[in-house]
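*Asks:*
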Amino acid sequence: MKKYFVYILTAFLFFTGSLFAQIKSAKTESDSVKIKMLEKRLKAIENKLEENELEKLLQEANSVSNKREENKKSKVFKSGQRALQAINPEISVTGDAYTQAILDKDGFREEERTGAYFRTLGLHIQGNLDPFSLTKVAVELHPDGIELGEAYVTWSSFLPKVSLTAGKFRQQFGVLNRWHVHSLDQFDFPLALTTIMGEDGLNQMGFSFNWLMPSIFADANNLIVEITNGQNDQLFGGEMFSFPSLLMHLKNYYDLSRDTYLEFGLTGMYGQNNFKGYKNETKIIEDTRNTYLGGADLTIFWEPLNQALYRSFLWRSELYYANKEIMPDKNIKVLGGYSYVEYKFAEQWQTGLRFDYTQPFEFDNSEKYTYQIVPYITWWQSHWVKMRLQYNYMNGNVQPESSNTLRLQIVWAVGPHKHDRY
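Just so we're aligned, residue 1198 is where the sequence shown starts under our numbering, counting upward by one.
1) So does the region 1497-1510 actually touch the region 1554-1565, counting three or more Cβ pairs closer than 8 angstroms?
2) In chain order, what residues of the same chain lie with their CB nearer than 6 angstroms to the CB of residue 1344, ignoring the 5 residues before and after it?
3) Is residue 1426 helix, strand or coil when you go by DSSP?
4) Here's a check: name, in chain order, each residue in its chain whose Cβ is nearer than 7 angstroms to the Cβ of residue 1305, leaving out the five neighbours to either side.
5) I'd like to know whether the C-beta atoms of residue 1424 and residue 1443 end up nearer to each other than 7 angstroms.
6) Can you tell me whether residue 1529 is buried or exposed? The criterion is at least 16 other CB atoms within 10 Å of its CB, across all chains shown.
7) Comparing C-alpha positions only, which one of 1446, 1392, 1385, 1398 sits nearest to residue 1410?
8) On the three-pair Cβ rule with 8 angstroms, is the region 1452-1461 touching the region 1482-1492?
9) In chain order, what residues of the same chain have a beta carbon less than 8 angstroms from the beta carbon of residue 1451, not counting five sequence neighbours either side?
10) By DSSP's criteria, residue 1584 is part of a beta bridge. Which residues make up the other side?
11) For residue 1590 and residue 1599, which I take to be in contact (beta-carbon distance under 8 angstroms), what is that distance rounded to the nearest angstrom?
12) Would you say the region 1383-1394 touches the region 1329-1336, given that touching needs at least three Cβ pairs under 8 angstroms?
13) So, is residue 1256 buried or exposed, given that buried needs 16 or more other C-beta atoms within 10 angstroms?
14) Determine the burial state of residue 1524: buried for a count of at least 16 other Cβ atoms within 10 Å of its Cβ, exposed for fewer.
15) With DSSP run on the structure shown, which of helix, strand or coil describes residue 1260?
16) Whose C-beta lies closer than 7 angstroms to the C-beta of residue 1613 among residues of the same chain, with five residues either side of it excluded?
17) Run through the region 1374-1452 for me and flag every whole alpha helix (DSSP H) of 4 or more residues, listed as ranges in chain order.
18) Please report the straight-line C-alpha distance between residue 1363 and residue 1426, rounded to a whole angstrom.
19) In chain order, what residues of the same chain have a beta carbon less than 6 angstroms from the beta carbon of residue 1439, not counting five sequence neighbours either side?
20) Would you call the region 1364-1376 and the region 1320-1331 touching, i.e. three or more CB-CB distances under 8 angstroms?
21) Confirm, please, whether the CB-CB distance from residue 1567 to residue 1595 is below 7 angstroms.
22) Please determine, among 1382, 1356, 1350, the residue with the shortest C-alpha to C-alpha distance to residue 1536.
23) Go ahead and pull the three-state DSSP assignment for residue 1238.
24) Helix, strand or coil for residue 1547? Go by DSSP, reduced to three states.
25) Check this for me: beta carbons of residue 1401 and residue 1428, under 7 angstroms apart or not?
26) Of all the options 1437, 1493, 1399, 1592, which has the alpha carbon lying nearest to the alpha carbon of residue 1481?
27) What span of residues does the beta strand (DSSP E) with residue 1339 cover, start to end?
28) Apart from the five residues on each side of it in sequence, which residues of its chain come closer than 6 angstroms, Cβ to Cβ, to residue 1464?
29) Between 1605, 1441, 1448, which lies nearest to residue 1496 when the distance is taken from Cα to Cα?
30) Looking at residue 1577: is its Cβ nearer than 7 angstroms to the Cβ of residue 1545?
31) Given that a residue counts as buried once 16 or more other Cβ atoms are within 10 Å of its Cβ, and exposed if not, what is residue 1541?
32) Taking the straight line between their C-alpha atoms, what separation do you get for residue 1584 and residue 1543?
33) Alpha carbon to alpha carbon, how far is residue 1376 from residue 1360? Give it in angstroms, no decimals.
34) Can you tell me whether residue 1475 is buried or exposed? The criterion is at least 16 other CB atoms within 10 Å of its CB, across all chains shown.
35) Once DSSP output is grouped into helix, strand and coil, what is the label at residue 1506?
36) When you compare the CB positions of residue 1548 and residue 1574, do they come within less than 7 angstroms of one another, or not?
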């Protein structure tokens, strides 16, 4: 009996194992079929996405093409009234005030005394007139009145590489005469410039041609020819000018290195200082008297490429000569000049020293001279505000004693073009 029981148990175990093996095999085959079905569905989805993306790109291309065709067929014109503000000129205002201390023994001089002063309020207007020309206007408001500084129109492409300026402008005699007083590197113009050309320098009405010449003997050559009324009181006929003055300025630019450049300029000018016209209802015709001017300027500027905000060095010098005929064989001949160095030692700080020398504008001045030493330091609070402390020591054999002046200047500006040179 026991033997039969063993046979039955063995047969049951064999049948059960075979049954489990078949179930496992069937399950494995079912999983394989499912995986293959999922792969087919995933492939179908990918193909569908690719077809949709391609169809989308084709629709976008057709849409762009249709828009172009519509633009070709019809144009929409607008009045442009909403864009009129784009043609408004740029307006800037510059203020220049200072306080000074006369350090002479009396504490004052004939025309100067210790105190606080407002020198000028500059109204500067500029803007493009059209694609071919632009205008600049500078009006100076002084405590004593209003003065028109400059007002001119410039055609940038009057001729190939030639620009034309017409109106009232500061002339390009050397370098500094062209600049506005608030943008000078020092508080005042050099002594030689104001002695020879007058307190306001050369500022006349006429035409200026600026030709960017082919490079001949420098990296860049520039020739400026100016034809203006001879209205300078110091050198020409003043208000009774009768003959235009002619100025020629040749500027030569050289790149000395990656960080250093040199500019050298020569200037010549001719005009007449005799009167022809009416004065107090009286007709005046004087014999021709000529005025000749000559000048040379030199500028060397060093500014390291990777430290331009913090370091720079400038050396600038100019020499002036004037020969004005007053009567036969009687001329006023004046020689003068200046030289200054300026070093930028921090992002907001500059310091410099200027030396002036000039003969007086008078007859028989060969043995007479005046010189001036001008140390200064400038702090730029920002691009809109700067302050300067400057000391002027003046001496020579023309005045009886030396003069000493200490000034603290503040210049501020508001508007799109801040402290423009001109």
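Glycine is no exception: its CB is placed at the ideal position from the N, C-alpha and C atoms. The structure displayed is predicted, hence computed values, not measured ones.
*Replies:* For this structure:
1) Taking a cut-off of 8 angstroms for Cβ pairs, the region 1497-1510 and the region 1554-1565 do not touch, as fewer than three such pairs fall below it.
2) Along the sequence shown, one-based indexing puts residue 1344 at 147. Taken in chain order, the residues that qualify are 1337.
3) By 1-based counting over the sequence shown, the position of residue 1426 is 229. DSSP places residue 1426 in coil when its eight states are reduced to three.
4) In the sequence shown, the residue the question calls residue 1305 occupies position 108. The residues are 1299, 1311.
5) Locating residue 1424 in the sequence shown gives position 227, where the first residue counts as 1. Locating residue 1443 in the sequence shown gives position 246, where the first residue counts as 1. Yes; because the gap between Cβ atoms is below 7 angstroms, this pair is in contact.
6) Counting from one through the sequence shown, the residue named residue 1529 turns up at place 332. With 16 or more Cβ atoms within 10 Å of its Cβ, residue 1529 is classed as buried.
7) Taking the first residue of the sequence shown as 1, we reach residue 1410 at position 213. That would be 1446, whose Cα lies nearest to the Cα of residue 1410.
8) By the Cβ test, the region 1452-1461 is not in contact with the region 1482-1492, since fewer than three Cβ pairs between them sit closer than 8 angstroms.
9) Working through the sequence shown from its first residue, we reach residue 1451 at position 254. Excluding sequence neighbours, residue 1451 sits near 1415, 1416, 1458, 1459, 1460, 1461.
10) Counted from its first residue, the sequence shown places residue 1584 at position 387. According to the DSSP secondary-structure assignment, residue 1584 is paired through a beta bridge with 1576, 1607.
11) Taking the sequence shown and counting its residues from 1, one reaches residue 1590 at position 393. Taking the sequence shown and counting its residues from 1, one reaches residue 1599 at position 402. Approximately 7 angstroms separates the beta-carbon atoms of residue 1590 and residue 1599; this is inside 8 angstroms, confirming the contact.
12) Using a C-beta cut-off of 8 angstroms, the region 1383-1394 makes no contact with the region 1329-1336, since fewer than three inter-stretch Cβ pairs fall below that distance.
13) Here residue 1256 refers to the residue found at position 59 of the sequence shown. Looking at its Cβ environment, which holds fewer than 16 other Cβ atoms inside 10 Å, residue 1256 is exposed.
14) Translated into the one-based positions of the sequence shown, residue 1524 becomes position 327. Residue 1524 comes out exposed.
15) For the purposes of this step, residue 1260 is identified with residue 63 of the sequence shown, where counting begins at 1. Look at residue 1260 here: in three-state DSSP terms it is helix.
16) If you number the sequence shown from 1, residue 1613 lands on position 416. The answer, listed in chain order, is 1287, 1289.
17) Restricted to the region 1374-1452, the alpha helix (DSSP H) segments that are unbroken, complete and at least 4 residues in length are 1388-1394, listed in chain order.
18) Within the sequence shown, numbered from 1, the residue matching residue 1363 stands at position 166. Within the sequence shown, numbered from 1, the residue matching residue 1426 stands at position 229. Note on geometry: alpha-carbon atoms of residue 1363 and residue 1426 lie some 12 angstroms from one another.
19) To locate residue 1439, count along the sequence shown from 1; it is residue 242. Excluding residues within five positions, the ones whose Cβ falls inside 6 angstroms are 1473.
20) Touching, no, given that fewer than three Cβ pairs across the two stretches are closer than 8 angstroms.
21) Within the sequence shown, residue 1595 is the residue found at index 398, counting from 1. Within the sequence shown, residue 1567 is the residue found at index 370, counting from 1. Yes.
22) As a working note, residue 1536 is residue 339 in the sequence shown. Minimum Cα distance to residue 1536 is reached at 1382.
23) On the sequence shown, position 41 is the one that residue 1238 refers to. Three-state DSSP puts residue 1238 in a helix.
24) On the sequence shown, residue 1547 is found 350 positions in, with the first residue counted as 1. Looking at residue 1547 - three-state DSSP - the assignment turns out to be strand.
25) Here residue 1401 is taken as the residue at index 204 of the sequence shown, counted from 1. Here residue 1428 is taken as the residue at index 231 of the sequence shown, counted from 1. Closer than 7 angstroms, so yes.
26) Here residue 1481 refers to the residue found at position 284 when the sequence shown is read from its first residue. Measuring from the Cα of residue 1481, the nearest candidate turns out to be 1437.
27) Along the sequence shown, read from residue 1 onward, the residue named residue 1339 stands at position 142. Segment 1330-1339, the beta strand (DSSP E) holding residue 1339.
28) Locating residue 1464 in the sequence shown gives position 267, where the first residue counts as 1. Correct list, in chain order: 1370, 1371, 1446, 1492.
29) Numbered from its first residue, the sequence shown carries residue 1496 at position 299. Nearest option by C-alpha distance: 1448.
30) For this step, residue 1577 is matched to residue 380 along the sequence shown. For this step, residue 1545 is matched to residue 348 along the sequence shown. Against a cut-off of 7 angstroms, the Cβ pair of residue 1545 and residue 1577 comes out as a contact.
31) By one-based count along the sequence shown, residue 1541 stands at place 344. Buried, by the Cβ-count rule.
32) Counted from its first residue, the sequence shown places residue 1584 at position 387. Counted from its first residue, the sequence shown places residue 1543 at position 346. Between residue 1584 and residue 1543, the C-alpha separation is close to 15 angstroms.
33) Your numbering for residue 1360 matches position 163 in the sequence shown. Your numbering for residue 1376 matches position 179 in the sequence shown. Straight-line Cα distance between these residues: approximately 19 angstroms.
34) On the sequence shown, residue 1475 is found 278 positions in, with the first residue counted as 1. By the neighbour-count criterion, in which 16 or more other beta carbons inside 10 Å mark a residue as buried, residue 1475 falls on the exposed side.
35) Within the sequence shown, residue 1506 is the residue found at index 309, counting from 1. It is coil, neither helix nor strand.
36) Sequence index remark: in the sequence shown, residue 1548 carries index 351 (1-based). Sequence index remark: in the sequence shown, residue 1574 carries index 377 (1-based). The answer is yes: Cβ separation under 7 angstroms.
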